[in-house]
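Chemist:
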Amino acid sequence: MNNGRDHRIDFFRGLALIFIFWDHVPDNPLAQLTVRNFGFSDAAEIFVFLAGYAAIMAYGRIARRDGMLVAGVRILRRTWVLYVVHIFLLTLLMGIVFVANNHVETRDMVQQMGLEYFVGNPQQALADELLLRFKPNLTDPLPLYIVLLLTLPLTLPLMLRKLEVAVGLSIALYLMVPLFGWNLRAYEGGGVWYFNPVAWQLLFIL
């Protein structure tokens, strides 16, 4: 641990991201080595759990030292940076896919990446992208993390004062998801979020 940062968490978060990448490469022999082959979850659960742990440790320390207002501002600033990065990477990805699709005859990369909605409704798709409602295939994790981090200024004060209450409420919310079907809406005709933040918040809080 150096300057209050636990590099073990960084290591395993990075390893989880590598495993996620391996799992999504078609016909990849390295995917046989990832955790999804040895348990009931895959690396996405590990990443969200460690991301929540790291965020609560970091911003909890700031809240105790400088106050909840300062911690909340830091969280919102970080969330905004991640949001801008997401939009930039999404724009870059879509540009690469559209250019590559003109040079690949064996597959429809636009269809594979789920970009037909953008082709058919570019203006509405752009608005939905900015609202995190339209996410091409394989781009779901970062919007999930953005939403979970955005809720942290609301949950962190309770976690610092009554941790058992915060965890209990998180578990209760998780259990109510299948009963009431709570989730965030995707774009029109796109159903709901693949990674349901209302359910995934449990791993983030734990």
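Residue numbers (full-length UniProt numbering): 1 to 206.
Just so it is clear, CB atoms sit at the ideal spot from N, CA and C, and this is done for glycine as well.
Between the Cα of L173 and the Cα atoms of A199, K162, L206 and A186, which residue gives the shortest distance?
Modeler: Position 173 of the sequence shown, counted from the start, is the residue given in the question as residue 173. Cα-wise, what sits closest to L173 is A199.
Chemist: Report back the beta-carbon spacing between A54 and L149 to the nearest angstrom; my notes put them in contact at under 8 Å.
Modeler: Locating residue 54 in the sequence shown gives position 54, where the first residue counts as 1. Locating residue 149 in the sequence shown gives position 149, where the first residue counts as 1. The Cβ separation is near 11 Å, so there is no contact.
Chemist: When you compare each of L138, K135, L203 and Y145 to G168 by their alpha carbons, which one comes out closest?
Modeler: On the sequence shown, residue 168 is found 168 positions in, with the first residue counted as 1. Answer by Cα proximity: L203.
Chemist: Expressed to the nearest angstrom, what Euclidean distance is found between the alpha-carbon atoms of T79 and V70?
Modeler: Looking up residue 79 in the sequence shown gives position 79. Looking up residue 70 in the sequence shown gives position 70. A direct Cα-to-Cα measurement between T79 and V70 gives close to 14 Å.
Chemist: Mind listing, in chain order, the continuous alpha helix (DSSP H) runs of no fewer than 4 residues lying wholly within the region 6-46?
Modeler: 7-23
Chemist: Among N196, A166, Y187 and I96, which residue has its Cα nearest to the Cα of F180?
Modeler: Indexing the sequence shown from 1 puts residue 180 at position 180. When each option's Cα is compared against that of F180, the closest is N196.
Chemist: At a cut of 8 Å, does the region 111-130 reach the region 182-192 through at least three beta carbon pairs?
Modeler: yes
Chemist: Would you call the region 136-143 and the region 106-122 in contact, with 3 or more CB pairs under 8 Å?
Modeler: yes
Chemist: Quick one: complete beta strand (DSSP E) runs, 3+ long, within the region 111-153?
Modeler: none
Chemist: I'd like to confirm the pairing. Which residues does DSSP put opposite V81 in its beta bridges?
Modeler: In the sequence shown, counting from the first residue as 1, residue 81 sits at position 81. Note: V81 sits in no beta bridge, so no partner.
Chemist: For L152 versus Y59, is the C-beta spacing smaller than 8 Å?
Modeler: Within the sequence shown, residue 152 is the residue found at index 152, counting from 1. Within the sequence shown, residue 59 is the residue found at index 59, counting from 1. Yes, these two residues count as a Cβ contact at 8 Å.
Chemist: Keeping to the same chain, check which residues put their C-beta closer than 7 Å to that of I75; ignore five residues upstream and five downstream.
Modeler: The residue given as residue 75 occupies position 75 in the sequence shown. In the same chain as I75, and ignoring 5 residues on each side of it, the C-beta atoms closer than 7 Å to its own belong to Y59, L149, L152 and P153, in chain order.
Chemist: Please report the distance separating the alpha-carbon of D23 from that of L15.
Modeler: By 1-based counting over the sequence shown, the position of residue 23 is 23. By 1-based counting over the sequence shown, the position of residue 15 is 15. Between the C-alpha atoms of D23 and L15 there is a straight-line separation of about 12 Å.
Chemist: Applying the criterion that 16 or more other CB atoms from any shown protein chain within 10 Å of the CB defines a buried residue, is G52 buried or exposed?
Modeler: The count along the sequence shown starts at 1 and reaches residue 52 at position 52. Counting the other CB atoms within 10 Å of its CB gives G52 a total of 16 or more, which places it among the buried residues.
Chemist: On the premise that A44 lies in contact with residue 213, defined as a C-beta separation below 8 Å, what is that separation, rounded to the nearest angstrom?
Modeler: No statement about residue 213 is possible, as the shown extent of the chain runs from 1 to 206 and does not include it.
Chemist: By how many angstroms is the C-alpha of M57 removed from the C-alpha of E105?
Modeler: Along the sequence shown, read from residue 1 onward, the residue named residue 105 stands at position 105. Along the sequence shown, read from residue 1 onward, the residue named residue 57 stands at position 57. If you take the alpha carbons of E105 and M57, they lie about 49 Å apart.
Chemist: For F47, is the classification buried or exposed, using 16 other Cβ atoms within 10 angstroms of its Cβ as the cut-off for buried?
Modeler: Translated into the one-based positions of the sequence shown, residue 47 becomes position 47. Answer is buried; the Cβ neighbour count reaches 16.
Chemist: Within the continuous alpha helix (DSSP H) that includes V167, where are the two ends?
Modeler: Taking the sequence shown and counting its residues from 1, one reaches residue 167 at position 167. Segment L163 to F180, the alpha helix (DSSP H) holding V167.
Chemist: Grouping DSSP H, G and I as helix and E and B as strand, with all else coil, what is R185?
Modeler: Position 185 of the sequence shown holds residue 185. Strand, per DSSP.
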